[in-house]
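In what follows, a single structure is set out as structure tokens and then discussed.
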Amino acid sequence: MSYKRPTFRHPAAQKNKLGYTRKDYEGAISTLCAGCGHDSIVSAIITSFFEMSIEPHRVVKLSGIGCSSKTPAYFLGKSHGFNSVHGRMPSVATGANMANRELVYLGVSGDGDTASIGLGQFAHVVRRNLNMIYIVMNNGCYGLTKGQDSATADKGSRSRKGAPVSFESIDLCELAIQLGADFVARSFSGDKKQLVPMLKAAISHKGLAFVDVVSPCVTFNNAPTSTKSYSWVRDHMEATATFDFIPLQQEITTDYDHGCNIPITLHDGSVINLCKREDKEVLSSKKEAIAALEQAKSEDQLLTGILYLNPESEDFHEINNTTQTPLNDLGESELCPGNDVLQAFNESLR
Ligand SMILES: Cc1ncc(C[n+]2csc(CCOP(=O)(O)OP(=O)(O)O)c2C)c(N)n1
Ligand code: SF4
60 MSYKRPTFRH
70 PAAQKNKLGY
80 TRKDYEGAIS
90 TLCAGCGHDS
100 IVSAIITSFF
110 EMSIEPHRVV
120 KLSGIGCSSK
130 TPAYFLGKSH
140 GFNSVHGRMP
150 SVATGANMAN
160 RELVYLGVSG
170 DGDTASIGLG
180 QFAHVVRRNL
190 NMIYIVMNNG
200 CYGLTKGQDS
210 ATADKGSRSR
220 KGAPVSFESI
230 DLCELAIQLG
240 ADFVARSFSG
250 DKKQLVPMLK
260 AAISHKGLAF
270 VDVVSPCVTF
280 NNAPTSTKSY
290 SWVRDHMEAT
300 ATFDFIPLQQ
310 EITTDYDHGC
320 NIPITLHDGS
330 VINLCKREDK
340 EVLSSKKEAI
350 AALEQAKSED
360 QLLTGILYLN
370 PESEDFHEIN
380 NTTQTPLNDL
390 GESELCPGND
400 VLQAFNESLR
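Residues in the sequence shown are numbered consecutively from 60, following my numbering.
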């Protein structure tokens, strides 16, 4: 069940370049537990799309099943939406993206949805580099089905009622890097200052942008013994870099503070402005990114930030040389070019 928001609009509400207010990017009122990290991520998504002035009707939001997968109901109420089957969001996203490459695809998933039942689908959508933003709201448990440990729960950690986790956890960021993702980032639901520019950069990235957001489940997995709790994350968080996101339309040069900021240009020309901590490197090598993640883990730290970025990313459409035109805009002669073309094509494969 979802509740509708009041339709009142404050006449002085701030508008973006399209003339929309933040309200135009909201959805139904959340029915998640008060304090759930997922709601904070929803708010960061709304802020990012509003501030980037993306037309809501150009966005497709997709999800699987779980509390996290319910959240597309709570943002971008005027966008296209598809709530699929548990762990199957990537295949629906692939089909939609292949039919129309002009839209912005945002997939929302949970750690159960992605790291357990959907692991196979996750692996293939990452290696195909589908042009989408893939967010995992990672709480280390199956919130919707009453808090069972998920595959991202760290070995030895303990939820509110459970025994210590016996198995090694899956680090989705490391896995995404190994599978070929060109944009891999991690943040914390309670750190909007980091999360909003990170999401903006993910939206601008061409190819799959994977964003793992540790998002505490206050009802089932917020005990201090859990590495996905508010208290643990606050005490053990370490950032690779602080950064700001500069959209393409803005003057870039005036924003740089040389000596601190490292600009990285994304495919659409927009820039992520990384402000390195003194002892940190920009992570553009897979090997180094994985080593940094492992190093942080061995020191009991949660590494956040853009963990790996390949600005030369080539997405699924480019790799397959697909048509620029959405399939429903193609005419009969393009969809069915005739026997001669078919014969020539078959010949070219002999
Ligand atoms: C095919 C199938 N198997 C199992 C379930 C039961 N189920 C629903 S949500 C869920 C796990 C949700 O966990 P997660 O993806 O981490 O999301 P959260 O609720 O924690 O946000 C499970 C096992 C289901 N709906 N469908
Ligand atoms: S059960 Fe956990 S994940 Fe689900 S809404 Fe409540 S706090 Fe959030």
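Ideal Cβ placement from N, Cα and C applies to all residues, glycine included. Since the model is a prediction, treat every value here as computed from it, not as a measurement.
**Prompt:** In terms of alpha-carbon separation, which member of K220, D271, K214 lies closest to A240?
**Reply:** Along the sequence shown, one-based indexing puts residue 240 at 181. Minimum Cα distance to A240 is reached at D271.
**Prompt:** Among all the DSSP beta bridges, which residues are the ones paired with G169?
**Reply:** Mapped onto the sequence shown, residue 169 falls at position 110. Beta-bridge pairing links G169 to M196.
**Item:** S285 to H376 span [Cα, whole Å]
**Value:** Your numbering for residue 285 matches position 226 in the sequence shown. Your numbering for residue 376 matches position 317 in the sequence shown. For S285 and H376, the gap between their C-alpha atoms comes out near 41 Å.
**Supposed close pair P115, Y84 - CB separation, criterion 8 Å** = Taking the sequence shown and counting its residues from 1, one reaches residue 115 at position 56. Taking the sequence shown and counting its residues from 1, one reaches residue 84 at position 25. So it is a contact: roughly 6 Å between Cβ atoms.
**Request:** Just mark S392 as buried or exposed, buried being the case when its beta carbon has 16 or more other beta carbons within 10 Å.
**Result:** As a working mapping, residue 392 is identified with position 333 in the sequence shown. The residue is exposed, with fewer than 16 neighbouring Cβ atoms inside 10 Å.
**Asked** Considering only C-alpha positions, which residue in the set A235, A158, G215 is nearest to H183?
**Response** What you label residue 183 is simply residue 124 of the sequence shown in a count that begins at 1. A235 is the residue among A235, A158, G215 whose C-alpha sits nearest the C-alpha of H183.
**Request:** Would you check whether ligand 2 has a heavy atom nearer than 7 Å to the C-beta of N142?
**Result:** Along the sequence shown, read from residue 1 onward, the residue named residue 142 stands at position 83. Incorrect: N142 has no Cβ contact closer than 7 Å to ligand 2.
**Request:** Below 6 Å CB to CB, which residues in the same chain sit around R160 once its five sequence neighbours on both sides are set aside?
**Result:** Start at 1 with the first residue of the sequence shown, and residue 160 comes out as number 101. The answer, listed in chain order, is H376.
**Message:** My output table needs one value for N405: the three-state DSSP class, helix, strand or coil.
**Reply:** Here residue 405 refers to the residue found at position 346 of the sequence shown. The DSSP-derived three-state label of N405 is helix.
**Request:** Would you mind sorting G202 into buried or exposed? The rule is 16 or more other CB atoms within 10 Å of its CB.
**Result:** Here residue 202 corresponds to residue number 143 of the sequence shown, with the count starting at 1. Buried, by the Cβ-count rule.
**Prompt:** Quick one: does the C-beta of Y201 sit closer than 7 Å to a heavy atom of ligand 1?
**Reply:** The residue labelled residue 201 in the question sits at position 142 within the sequence shown. At least one heavy atom of ligand 1 sits closer than 7 Å to the Cβ of Y201.
**Asked** Considering V270, what are the terminal residues of the beta strand (DSSP E) in which it resides?
**Response** Here residue 270 is taken as the residue at index 211 of the sequence shown, counted from 1. Boundaries of the beta strand (DSSP E) harbouring V270: 267-273, taken from the DSSP string.
**Message:** Let me make sure I understand the geometry here. Which of A244, M157, Q237, A174 has the alpha-carbon closest to that of G123?
**Reply:** As a working note, residue 123 is residue 64 in the sequence shown. Shortest Cα-Cα distance from G123 to any of A244, M157, Q237, A174 involves A174.
**Message:** Can you look up H317 in the DSSP assignment and give me helix, strand or coil?
**Reply:** Taking the first residue of the sequence shown as 1, we reach residue 317 at position 258. Only weak support exists for where H317 lies, its pLDDT of 37 falling under 50; the value from the coordinates is given anyway. Of the three classes helix, strand and coil, the one that applies to H317 here is coil, per DSSP.
**Item:** Whole-number beta carbon distance between H139 and D172, since they are thought to touch under 8 Å
**Value:** Looking up residue 172 in the sequence shown gives position 113. Looking up residue 139 in the sequence shown gives position 80. At roughly 20 Å, the Cβ-Cβ gap does not stay under 8 Å, so D172 and H139 are not in contact.
**Prompt:** Excluding the five sequence neighbours on either side, which residues of its own chain have a C-beta within less than 8 Å of the C-beta of A355, listed in chain order?
**Reply:** On the sequence shown, residue 355 is found 296 positions in, with the first residue counted as 1. Close CB contacts of A355 within its chain, under the 8 Å cut and outside five residues either way in sequence, are with E297, L361, L362 (chain order).
**Asked** Whose CA, out of C232, A71, L189, lies closest to the CA of D374?
**Response** Taking the sequence shown and counting its residues from 1, the one referred to as residue 374 is at position 315. From the listed residues C232, A71, L189, the smallest Cα separation to D374 is found for L189.
**Prompt:** For S274, which of A261, P149, V195, M111 has the nearest alpha-carbon?
**Reply:** Locating residue 274 in the sequence shown gives position 215, counting from the first residue. The shortest CA-to-CA distance from S274 to any of A261, P149, V195, M111 is the one to V195.
**Message:** Just to check my reading of the structure: S248 and S112 have Cβ atoms closer than 8 Å, yes? What is that Cβ distance to the nearest angstrom?
**Reply:** Along the sequence shown, read from residue 1 onward, the residue named residue 248 stands at position 189. Along the sequence shown, read from residue 1 onward, the residue named residue 112 stands at position 53. In fact, because the Cβ distance is near 24 Å, the residues do not count as touching under 8 Å.
**Request:** Please work out which residues of its chain come closer than 8 Å, Cβ to Cβ, to G318, disregarding the five sequence neighbours upstream and downstream, and give them in chain order.
**Result:** Residue mapping note: residue 318 aligns to position 259 of the sequence shown, counting from 1. Bear in mind that the predicted position of G318 carries a pLDDT of just 40, short of 50, making it too unreliable to give a figure here.
**Request:** Return yes when at least one heavy atom of ligand 1 lies under 7 Å from the C-beta of S218, else no.
**Result:** Here residue 218 refers to the residue found at position 159 when the sequence shown is read from its first residue. Checking the Cβ of S218 against ligand 1 gives no.
**Buried or exposed by the 16-neighbour rule on C-beta atoms within 10 Å, applied to Q309** = Looking up residue 309 in the sequence shown gives position 250. At Q309 the pLDDT is 49, less than 50, meaning the model places this residue with poor confidence; the figure from the coordinates comes in the next sentence. Looking at its Cβ environment, which holds fewer than 16 other Cβ atoms inside 10 Å, Q309 is exposed.
**Request:** Inspect the beta-carbon positions of L178 and V151 and report whether they are closer than 8 Å.
**Result:** Within the sequence shown, residue 178 is the residue found at index 119, counting from 1. Within the sequence shown, residue 151 is the residue found at index 92, counting from 1. In this structure, V151 does not lie closer than 8 Å to L178 by Cβ.
**Request:** Would you list, in sequence order, the uninterrupted alpha helix (DSSP H) runs of no fewer than 4 residues that lie entirely inside the stretch 78-135?
**Result:** Complete alpha helix (DSSP H) runs here, min 4: 96-110, 126-129.
**Prompt:** Say the cut is 7 Å; is the CB of G206 nearer than that to a heavy atom of ligand 3?
**Reply:** Ligand 3 is absent from the structure shown, which contains only ligand 1 and ligand 2.
**Asked** By DSSP, does K76 sit in helix, in strand, or in coil?
**Response** Within the sequence shown, numbered from 1, the residue matching residue 76 stands at position 17. Three-state result, K76: coil.
**Prompt:** What residues are listed by DSSP as bridge partners for D208?
**Reply:** Here residue 208 refers to the residue found at position 149 when the sequence shown is read from its first residue. Per DSSP, C200.
**Asked** What residues match up with Y289 in a beta bridge as DSSP calls it?
**Response** Taking the first residue of the sequence shown as 1, we reach residue 289 at position 230. Answer by DSSP bridge pairing: none, since Y289 is not bridged.
**Message:** Are the CB atoms of A300 and G206 within a distance shorter than 8 Å?
**Reply:** Looking up residue 206 in the sequence shown gives position 147. Looking up residue 300 in the sequence shown gives position 241. Against a cut-off of 8 Å, the Cβ pair of A300 and G206 comes out as no contact.
**Message:** Across the stretch 220-229 and the stretch 75-83, are there enough close Cβ pairs to call them in contact, namely three or more that are closer than 8 Å?
**Reply:** Taking 8 Å as the limit for Cβ pairs, the verdict is that the stretch 75-83 does not touch the stretch 220-229.
**Request:** List in chain order: all unbroken beta strand (DSSP E) runs of 3+ residues lying wholly within the stretch 210-254.
**Result:** Qualifying beta strand (DSSP E) stretches, in chain order: 242-247.
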